[in-house]
Amino acid sequence: MALAEQYGKPAGRRAPGRLGRLVRRSDAAKGYALLSPTLLIMAAAMAAPMLLLALYSFWSQEGTAVDTRATLAQYAIAIGRPTYRALFYRSLAISGLVTLVTVVLAYPMAYFVAFRAGRAKFVWLILLTIPFWTSYLLRVFAWKVILGYNGVINSGLMDLGLIREPLSFLLYNPAAVVVTLAHAWAAFAILPIYVSLEKIDRSLLEAAADLGDGAVRRFFRITLPLSMPGVIGAAVLVFVPTTGDYVTPTLVGGSTGVMIANVIEVQFDRIGNWPLGAALAMASMAAVAIVTILFVQAARLATARVR
Amino acid sequence: MSDGFLHIAGVTKRFGDVTAVDNADLGIARGEFFSLLGPSGCGKTTLLRMIAGFEFPDEGEITIDGARITDEPPNRRPTNMVFQSYAIFPHLNVFDNIAYGLRRERPARVELRKRVEDALAMIKLEGFGGRRADQLSGGQRQRVALARALVMRPKVLLLDEPLGALDKRLREAMQIELRQLQKSIGITFVFVTHDQEEALSMSDRIAVMSAGRVLQVAAPRTLYEGPNCREVADFIGTMNFFEGTTTWVEGSNVVADAGAAGKLKIANAPEFARKMGAHVLLAVRPEKMALALTGAGTASSANRLSGTLAAAAYLGERSHYQVRVEGFKEPIAVAAQNEGPEPAAHHTGASVTLTWPADAMIVLPTD
Amino acid sequence: MGARRKRQGGYGLLAYALLYLAFLYVPVMFLPLFSFNDSAFIAFPLTGFTTRWYSEMLADSAMHHALLNSLKVGATVSLVSTFLGLLAARALTRYRVPGGGLVLGVTSLPLLIPEIVLGISLLILLNAAAIPLSLYSVVAGHVLVCVPFAITVLMSRFEGFDKSLEEAARDLGDGPLKAFVRVTLPLALPGIVASLLLTFLTSFDEFLIAFFLAGTDATLPLYIWGQLRFPFKLPSVLALGAMILVASALLVVLAEWVRSLGVRERSPTMVGA
Numbered sequence: 025m026a027l028a029e030q031y032g033k034p035a036g037r038r039a040p041g042r043l044g045r046l047v048r049r050s051d052a053a054k055g056y057a058l059l060s061p062t063l064l065i066m067a068a069a070m071a072a073p074m075l076l077l078a079l080y081s082f083w084s085q086e087g088t089a090v091d092t093r094a095t096l097a098q099y100a101i102a103i104g105r106p107t108y109r110a111l112f113y114r115s116l117a118i119s120g121l122v123t124l125v126t127v128v129l130a131y132p133m134a135y136f137v138a139f140r141a142g143r144a145k146f147v148w149l150i151l152l153t154i155p156f157w158t159s160y161l162l163r164v165f166a167w168k169v170i171l172g173y174n175g176v177i178n179s180g181l182m183d184l185g186l187i188r189e190p191l192s193f194l195l196y197n198p199a200a201v202v203v204t205l206a207h208a209w210a211a212f213a214i215l216p217i218y219v220s221l222e223k224i225d226r227s228l229l230e231a232a233a234d235l236g237d238g239a240v241r242r243f244f245r246i247t248l249p250l251s252m253p254g255v256i257g258a259a260v261l262v263f264v265p266t267t268g269d270y271v272t273p274t275l276v277g278g279s280t281g282v283m284i285a286n287v288i289e290v291q292f293d294r295i296g297n298w299p300l301g302a303a304l305a306m307a308s309m310a311a312v313a314i315v316t317i318l319f320v321q322a323a324r325l326a327t328a329r330v331r
Numbered sequence: 008m009s010d011g012f013l014h015i016a017g018v019t020k021r022f023g024d025v026t027a028v029d030n031a032d033l034g035i036a037r038g039e040f041f042s043l044l045g046p047s048g049c050g051k052t053t054l055l056r057m058i059a060g061f062e063f064p065d066e067g068e069i070t071i072d073g074a075r076i077t078d079e080p081p082n083r084r085p086t087n088m089v090f091q092s093y094a095i096f097p098h099l100n101v102f103d104n105i106a107y108g109l110r111r112e113r114p115a116r117v118e119l120r121k122r123v124e125d126a127l128a129m130i131k132l133e134g135f136g137g138r139r140a141d142q143l144s145g146g147q148r149q150r151v152a153l154a155r156a157l158v159m160r161p162k163v164l165l166l167d168e169p170l171g172a173l174d175k176r177l178r179e180a181m182q183i184e185l186r187q188l189q190k191s192i193g194i195t196f197v198f199v200t201h202d203q204e205e206a207l208s209m210s211d212r213i214a215v216m217s218a219g220r221v222l223q224v225a226a227p228r229t230l231y232e233g234p235n236c237r238e239v240a241d242f243i244g245t246m247n248f249f250e251g252t253t254t255w256v257e258g259s260n261v262v263a264d265a266g267a268a269g270k271l272k273i274a275n276a277p278e279f280a281r282k283m284g285a286h287v288l289l290a291v292r293p294e295k296m297a298l299a300l301t302g303a304g305t306a307s308s309a310n311r312l313s314g315t316l317a318a319a320a321y322l323g324e325r326s327h328y329q330v331r332v333e334g335f336k337e338p339i340a341v342a343a344q345n346e347g348p349e350p351a352a353h354h355t356g357a358s359v360t361l362t363w364p365a366d367a368m369i370v371l372p373t374d
Numbered sequence: 691m692g693a694r695r696k697r698q699g700g701y702g703l704l705a706y707a708l709l710y711l712a713f714l715y716v717p718v719m720f721l722p723l724f725s726f727n728d729s730a731f732i733a734f735p736l737t738g739f740t741t742r743w744y745s746e747m748l749a750d751s752a753m754h755h756a757l758l759n760s761l762k763v764g765a766t767v768s769l770v771s772t773f774l775g776l777l778a779a780r781a782l783t784r785y786r787v788p789g790g791g792l793v794l795g796v797t798s799l800p801l802l803i804p805e806i807v808l809g810i811s812l813l814i815l816l817n818a819a820a821i822p823l824s825l826y827s828v829v830a831g832h833v834l835v836c837v838p839f840a841i842t843v844l845m846s847r848f849e850g851f852d853k854s855l856e857e858a859a860r861d862l863g864d865g866p867l868k869a870f871v872r873v874t875l876p877l878a879l880p881g882i883v884a885s886l887l888l889t890f891l892t893s894f895d896e897f898l899i900a901f902f903l904a905g906t907d908a909t910l911p912l913y914i915w916g917q918l919r920f921p922f923k924l925p926s927v928l929a930l931g932a933m934i935l936v937a938s939a940l941l942v943v944l945a946e947w948v949r950s951l952g953v954r955e956r957s958p959t960m961v962g963a
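Residue numbers (the numbering used here), protein chains in the order written: chain U, 25 to 331; chain G, 8 to 374; chain H, 691 to 963.
Written out as structure tokens, the structure is:
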């Protein structure tokens with residue numbers, strides 16, 4: 025046998041010392057060393073700005089200069105002024121509605137891909153992924169074009185003879201904002217729901233069937249509860265960013281569909297009252313955080329009671 | 008163990024609070040087929056990985072052929088490993104997989120080709136060089152992993168449960184092949200398995216491990232006939248246990264009072280049992296016991312026990328019996344060849360008598 | 691009987707799925723539709739086929755500048771965020787890192803903070819540090835948002851990895867870096883390419899952070915935003931938009947195809963899963 029000849033590699037040259045042994049062995053040390061650039065950059069790039077934002081929210085704008093004496097005046101305005109308060113409520117309400125609509129509509133779609141798509145699963149996923157990645161601005165713009173006074177719906181309906189005058193209620197109001205946001209974020213909602221549905225062990229459903237449950241009961245007793253984490257995730261993923269959306273209310277909201285992001289932007293653009301803008305931003309984040317936490321807790325409680 | 012080619016001295020490895028390997032001492036001879044045997048979690052794989060260089064001991068040293076390799080990285084050790092998952096590189100074909108380690112030295116093309124093809128011939132996969140990993144069956148992948156490691160000409164080949172994923176028939180065939188291969192190449196194999204039959208059939212010597220500790224190192228027959236503690240006795244094969252106290256000693260013959268089992272006669276008792284009143288653990292293998300229907304004229308034998316036949320499993324050339332005896336929670340296991348036209352297997356519920364000779368009795372220390 | 695009922699239910703769901711898909715795509719389809727329409731108004735009825743909006747758009751030098759800027763920013767962002775994501779994904783999947791979940795949470799934070807908040811707070815930071823706004827500031831902002839995507843794409847690639855592959859390479863003689871380059875990198879390459887493509891796309895299409903952080907150089911979304919004020923410019927914006935949509939869709943398909951290479955055993959997951 026040609027292989028049964030000299031065996032063996034040269035022994036190592038240097039044996040490392042005790043410290044080398046320690047460092048080399050520590051998995052955690054190696055891991056953190058590798059992580060450090062990314063972690064440091066991300067932490068710094070988010071921590072510093074957020075800290076400054078918080079700082080600004082406690083300052084005030086005097087003419088062209090910023091008065092850095094700590095004060096709660098901006099928060100008093102942000103939370104106290106009725107127009108702003110109404111804006112908060114409206115933004116939360118719009119986002120809430122958008123979240124509800126997108127999640128409810130997305131669930132059956134995600135279910136279809138997870139359970140019924142079979143071999144075409146990959147194709148379906150790509151088709152659903154594409155809108156996720158295409159320009160958000162363009163998608164909102166498309167709705168502006170569709171809902172406009174001389175837009176697609178109006179001109180189409182007029183052309184078909186179904187209406188004589190264009191419908192003016194389509195655009196520049198909260199409803200337009202809701203529709204546009206729901207469309208723009210639809211793809212986002214599918215993803216987490218799909219993932220959690222996909223993870224469900226099919227043999228659980230088989231066991232349930234074996235124990236007597238029909239398809240509908242199986243869905244409500246097994247599938248739905250097990251997919252709840254995905255549903256909650258999807259809801260949070262849609263709710264949080266949409267409250268702070270700027271593009272949609274600007275393009276399709278008009279004067280009645282203004283959301284919180286619009287007034288924040290104004291402080292940073294034309295009026296130049298950064299402290300107020302910062303306070304508005306902090307207050308809106310707090311509001312969103314509170315609502316989200318309450319929602320997640322409530323959803324978890326509700327799920328836990330399913331038998 | 009001065010003739011140890013692969014020396015493991017006082018090796019300990021901890022993961023947080025858990026001690027995976029506890030003060031292991033082993034000397035493995037050159038050219039030996041050595042197995043590490045034990046249940047899951049006993050530390051055998053950790054020990055193997057420390058020899059390979061993927062884990063480093065917290066205490067102790069490992070030497071191969073006189074050279075201390077304890078802290079060396081895996082690529083500088085004279086060892087090569089066959090991984091449990093085979094770890095065949097999916098982006099390379101069979102030829103490139105086997106050639107992988109050889110390429111470092113940048114050998115001449117002709118020589119590389121020859122060595123790889125010799126390896127392919129050795130594992131009986133000639134002509135498979137162009138195949139990709141996903142075109143191979145499990146058994147083929149296992150052999151490619153073997154060839155890839157052996158072509159490096161290591162001093163020690165390490166195998167981490169390489170046959171676990173194969174079906175029974177293939178596994179048994181591979182066991183024979185591996186053993187023959189090892190004998191013909193003549194290098195040291197360190198083989199990890201949880202399957203005691205596998206270890207017994209393939210190894211020159213076996214180290215039985217449990218909870219990080221090495222319990223006994225011996226040749227298969229010695230382990231089977233002369234386990235040194237209850238755990239080893241229990242793990243290797245099936246064993247019947249009795250507890251007793253010695254009541255009579257003469258030379259190396261001892262009689263012990265084993266309660267419900269009566270007075271048991273032991274020949275060739277070890278030192279610690281050759282005194283009066285010693286508390287001992289007695290064990291006897293199922294195949295050393297003879298079973299017959301009570302009253303059917305049993306041969307005179309040193310030890311006898313009566314009971315009821317609780318269950319019988321007919322296995323072709325022999326049968327396994329379970330006998331209920333008064334005072335024993337677990338049934339006694341008996342294995343006997345099926346001779347004669349009426350094996351006792353037909354008579355569950357019948358009264359039976361078990362007999363076995365004094366020298367079949369194994370004496371273990373009570374801990 | 692039960693089988694037939696199931697089939698009907700199945701068709702119902704399929705119909706829903708197709709409708710949903712239509713709902714996702716049809717509104718966006720109007721952009722390319724009207725970009726070929728021979729009318730300055732985006733309205734029915736269609737008046738005729740033309741490509742003049744495309745020629746008008748392609749001749750616009752401001753658009754060229756903006757496109758070039760977006761390409762530069764996008765390329766830089768994709769390289770930087772994929773690199774950072776690679777380090778993090780490898781660290782989290784290869785090593786037993788305590789607090790790994792927390793680390794993942796921190797790096798994913800940009801996804802949960804509304805873009806407007808990110809935009810203004812970065813603006814405040816740059817202002818405080820007296821750093822002028824430019825394409826570099828846009829790159830910085832985009833990297834922040836793209837790293838979580840890169841990490842997600844790469845982690846899903848690394849997670850299915852057989853750890854013993856790299857160990858086998860080491861066992862056969864490679865040092866740690868060599869083993870990574872010869873074994874892990876080729877196998878991770880599809881994930882890396884997918885990450886590059888998707889982070890590029892994210893940066894290319896990103897509007898709000900660029901809105902706050904760009905200096906005098908506009909990115910393409912900013913250019914489009916500027917054009918939206920002028921109704922007569924709308925059709926050529928549609929033309930641009932249509933082209934961007936098609937290119938984006940192609941890039942996504944390419945990225946997903948690359949990502950799925952050699953992953954035959956695993957079930958397909960969506961990007962970001």
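C-beta atoms are modelled at their ideal positions from N, C-alpha and C, and glycine is treated no differently.
From a predicted model like this one, the values you see are computed outputs, not experimental measurements.
Give the residues of chain G in contact with residue i, contact being defined as C-beta atoms less than 7 Å apart.
{"i": "serine 854 of chain H", "result": "Phe90, Ser92, Ala94"}
{"i": "proline 876 of chain H", "result": "His98"}
Using a cut-off of 9 Å between C-beta atoms, extract the partners of residue i located in chain H.
{"i": "asparagine 297 of chain U", "result": "Simply none; closest approach about 12 Å."}
{"i": "arginine 111 of chain G", "result": "Leu862, Gly863, Asp864, Lys868"}
Does the CB of residue i have a neighbour CB from chain H at under 8 Å?
{"i": "lysine 223 of chain U", "result": "no"}
{"i": "serine 115 of chain U", "result": "no"}
{"i": "isoleucine 217 of chain U", "result": "no"}
{"i": "asparagine 174 of chain U", "result": "yes"}
{"i": "alanine 285 of chain U", "result": "yes"}
{"i": "leucine 107 of chain G", "result": "The sequence given here has tyrosine at residue 107 of chain G, not leucine. So yes, tyrosine 107 of chain G belongs to the interface."}
{"i": "proline 159 of chain G", "result": "Position check: residue 159 of chain G holds methionine in this sequence, whereas proline was assumed. It does; some Cβ of chain H falls within 8 Å."}
{"i": "threonine 267 of chain U", "result": "yes"}
{"i": "leucine 27 of chain U", "result": "With a pLDDT of 34 at leucine 27 of chain U, under the threshold of 50, the modelled position of that residue is not reliable, and no figure is offered here."}
Does any residue of chain G have a CB that is nearer than 8 Å to the CB of residue i?
{"i": "leucine 862 of chain H", "result": "yes"}
{"i": "alanine 752 of chain H", "result": "no"}
Which chain U residues are close to residue i, counting only those with a beta carbon under 8 Å from its beta carbon?
{"i": "threonine 906 of chain H", "result": "By Cβ distance, chain U contributes nothing, its closest Cβ being about 16 Å from threonine 906 of chain H, past 8 Å."}
List, in chain order, every chain H residue whose beta-carbon is nearer than 7 Å to that of residue i.
{"i": "arginine 163 of chain U", "result": "Val718"}
{"i": "isoleucine 170 of chain U", "result": "Pro717, Phe720"}
Is the CB of residue i under 8 Å away from at least one CB in chain U?
{"i": "tyrosine 913 of chain H", "result": "no"}
Report the neighbours of residue i on chain H: residues whose CB is nearer than 8 Å to its CB, in chain order.
{"i": "phenylalanine 292 of chain U", "result": "Ile810, Leu813, Phe902"}
Report the residues of the segment 59-86 of chain G with a CB closer than 9 Å to any CB of chain H, ordered along the chain. For the segment 59-86 of chain G, which is checked against every Cβ of chain H, the residues closer than 9 Å are Ala59, Gly60, Phe61, Pro80, Pro81, Asn82, Arg83, Arg84, Thr86.
Counting Cβ pairs, one atom from each stretch, are 3 or more of them under 8 Å apart for the segment 171-182 of chain U and the segment 898-909 of chain H? With fewer than three CB-CB distances shorter than 8 Å, the segment 171-182 of chain U does not count as touching the segment 898-909 of chain H.
How do the segment 815-822 of chain H and the segment 275-285 of chain U stand: do at least 3 beta-carbon pairs fall below 8 Å, yes or no? They do not touch, by the three-pair rule.
Is there contact between the segment 738-748 of chain H and the segment 859-873 of chain H, where contact requires at least three CB pairs shorter than 8 Å? Output reads no: the segment 859-873 of chain H does not touch the segment 738-748 of chain H.
Listed from N- to C-terminal order along the chain, which residues in the segment 800-814 of chain H have their beta-carbon within a distance smaller than 9 Å of any beta-carbon of chain U? Result list: Pro800, Leu801, Leu802, Ile803, Pro804, Glu805, Ile806, Val807, Leu808, Gly809, Ile810, Ser811, Leu812, Leu813, Ile814.
With three or more beta-carbon pairs closer than 8 Å as the criterion, would you say the segment 230-243 of chain U touches the segment 195-204 of chain U? No contact exists between the segment 230-243 of chain U and the segment 195-204 of chain U.
Just list the alpha helix (DSSP H) runs in the segment 214-301 of chain U, keeping only unbroken ones of 4 residues or longer that don't cross its boundaries, in chain order. Fully enclosed alpha helix (DSSP H) runs of 4 or longer: 226-234, 239-242, 248-267, 284-293.
Contact between the segment 43-57 of chain G and the segment 191-204 of chain G (3+ Cβ pairs under 8 Å): Short answer: they touch.
State whether the segment 186-197 of chain G contacts the segment 318-329 of chain U, with contact taken as three or more CB pairs (one from each stretch) at a distance under 8 Å. As far as the Cβ criterion goes, the segment 186-197 of chain G does not touch the segment 318-329 of chain U, which means the pair count is below three.
To be precise: take each residue of the segment 931-946 of chain H, compare its Cβ to all Cβ atoms of chain U, and keep it if any distance is under 7 Å. Which residues remain? Considering only beta carbons, the part of the segment 931-946 of chain H lying closer than 7 Å to chain U consists of Gly931, Ile934, Leu935, Ser938, Ala939, Val942, Val943, Glu946, in chain order.
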